[in-house]
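To start, the structure under review is shown below, and the notes come after it.
In the working numbering, the protein residues as written are 5 to 106.
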């Protein structure tokens, strides 16, 4: 899925993210999602990757160690969320800083 929640307002985004978690719980299907929303990536994902700018290689990959089932609102207040989010942000920050130096 490519930015599946990007065009939605904040409230509908949370509702549909919870719905996606319910569907995943029932089907156990693999879902690959592209997003620029760091909260969304950590909340929904089991693994999160960061691509470098060109040539677009995987720069960072991290397993998200947050137990399931998950609730979109409450997950964001867990210590595990904060740790994973920080690692993701540090990987992204490095990429942005390289761009600024150019």
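We put the beta carbon where it would ideally sit given N, CA and C, even for glycine.
Return the CA-CA distance between residue i and residue j, expressed in angstroms with no decimal places.
{"i": "residue 5", "j": "residue 34", "result": "11 Å"}
{"i": "residue 77", "j": "residue 49", "result": "14 Å"}
{"i": "residue 47", "j": "residue 106", "result": "32 Å"}
{"i": "residue 62", "j": "residue 31", "result": "28 Å"}
{"i": "residue 20", "j": "residue 70", "result": "19 Å"}
{"i": "residue 29", "j": "residue 36", "result": "15 Å"}
{"i": "residue 4", "j": "residue 8", "result": "The first residue shown for the chain is 5 and the last is 106, placing residue 4 beyond what the model contains."}
Give me the residue from the options with the minimum Cα distance to residue i.
{"i": "residue 54", "options": "104, 103 and 98", "result": "98"}
{"i": "residue 11", "options": "39, 27, 26 and 28", "result": "39"}
{"i": "residue 66", "options": "42, 57 and 73", "result": "42"}
{"i": "residue 27", "options": "7, 88 and 72", "result": "72"}
Under three-state DSSP, which class holds residue i?
{"i": "residue 35", "result": "coil"}
{"i": "residue 6", "result": "strand"}
{"i": "residue 92", "result": "helix"}
{"i": "residue 12", "result": "coil"}
{"i": "residue 17", "result": "helix"}
{"i": "residue 105", "result": "helix"}
Within 10 Å of its beta-carbon, does residue i have 16 or more other beta-carbons around it, so buried, or fewer, so exposed?
{"i": "residue 52", "result": "buried"}
{"i": "residue 81", "result": "exposed"}
{"i": "residue 107", "result": "Nothing about residue 107 can be read from this structure; the chain reaches only from 5 to 106."}
{"i": "residue 14", "result": "exposed"}
{"i": "residue 79", "result": "buried"}
> Taking the runs of the beta strand (DSSP E) that are 3 residues or longer, which of them lie wholly in the segment 37-88?
Replying inline: As summarised for the segment 37-88, the continuous beta strand (DSSP E) elements at least 3 residues long and confined to that stretch are 51-55 and 62-67, given in chain order.
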